[in-house]
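Undergrad: If you scroll down you'll find the structure; I have some questions about it.
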Amino acid sequence: MGNIKETYDKSKNKSGWRVLSGINREYNDTFIAGDKKLWQVKSEEVSPGESIAVGMKISNFDEDLEKIMKNGSPVPFGTVTPIDKKISVIMAGIQTFSSDSSNLLCKEHLSSKQAQLEQKLKQQVDLMTEDASFRRKYKEHKDRLRRAYI
């Protein structure tokens, strides 16, 4: 997130930045585009209102990707990402939400990066589940989510 913030802070076209979010199986995919760059943040909700996320710059941003990112419903978004003990990155605004569009980006345009990001996210969740109290809360949360769809 620090790299995205640095790029945004230096950007001469802040109003041209775009955010697209969608749900891809059990993960949330968020794409952030600006200054001809595209980042992906893949996250998993680990408890109500709390997620763990990994991200990376995945592509240059071109007109084809811009068309995909414009498809969807405009909805507000906001996130607070702790960088260290004293600094957090706060992002807020209007995003486009479309699971169809985010899945299209994942499968057809960026498929080579998906396995790498999902593996990084799984490693982070596995590391956190070594803590017994976190593991219990995580399992309870996932059980609640599964029951909601049954």
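Residues are numbered in the numbering used here as their position in the sequence shown, beginning at 1, plus a constant of 43.
All residues carry an ideal CB built from backbone N, CA and C; glycine is no exception.
Just so you know, these numbers come straight off a predicted model, no measurement behind them.
Return the residue from the list I95, D52, E93 and D143 that minimises the CA-CA distance to S64.
TA: If we check each option's Cα against that of S64, D143 comes out closest.
Undergrad: Quick one, which of P91, E106 and S116 has its alpha-carbon nearest G77's?
TA: The residue with the shortest Cα to Cα distance from G77 is E106.
Undergrad: Please name the residue or residues paired with F120 in a DSSP beta bridge.
TA: Answer is G136, bridged to F120.
Undergrad: Express the C-alpha separation of Q167 and F74 in angstroms, rounding to a whole number.
TA: Rounded to the nearest angstrom, the two C-alpha atoms are 20 Å apart.
Undergrad: Tell me where the beta strand (DSSP E) around T172 begins and ends.
TA: T172 -> no beta strand (DSSP E), and no H or E assigned at all.
Undergrad: Grab me the residues of A135's own chain with a C-beta within less than 8 Å of its C-beta, minus the 5 sequence neighbours each way, in chain order.
TA: Once the five neighbours on either side are set aside, the close Cβ partners of A135 are P119, F120, G121 and T122.
Undergrad: Work out the CA separation of K182 and A175 for me, nearest whole Å.
TA: Going from the Cα of A175 to the Cα of K182 covers about 11 Å.
Undergrad: Mind the definition here: the region 86-102 touches the region 54-73 only if three or more C-beta pairs lie below 8 Å; say whether that holds.
TA: Yes: the two stretches touch, three or more of their Cβ pairs being nearer than 8 Å.
Undergrad: For L170 and I101, which I take to be in contact (beta-carbon distance under 8 Å), what is that distance rounded to the nearest angstrom?
TA: With 8 Å as the limit, L170 and I101 do not qualify as a contact, their Cβ atoms being about 23 Å apart.
Undergrad: Going by C-alpha to C-alpha distance, which of E93, P117 and T139 sits closest to T124?
TA: Cα-wise, what sits closest to T124 is E93.
Undergrad: For the alpha helix (DSSP H) containing N46, list its first residue and its last residue.
TA: Unbroken alpha helix (DSSP H) run through N46: G45 to K53.
Undergrad: Whole angstroms is fine: what's the gap from L148's alpha carbon to S131's?
TA: C-alpha separation (whole angstroms): 28 Å.
Undergrad: For N71, report the span of its beta strand (DSSP E) as first-last.
TA: Per DSSP, N71 belongs to the beta strand (DSSP E) from Y70 to G77.
Undergrad: Should E109 be counted as a contact of the ligand SAH given a C-beta to heavy atom distance under 7 Å?
TA: Questions concerning the ligand SAH fall outside what the structure shown contains, since it holds no ligand whatsoever.
Undergrad: Does DSSP classify I101 as helix, strand or coil?
TA: Reduced to three states, the DSSP call for I101 is strand.
Undergrad: Measure the C-alpha to C-alpha separation of G45 and F140 and round it to an integer number of angstroms.
TA: Answer to the nearest angstrom: the Cα atoms are 23 Å apart.
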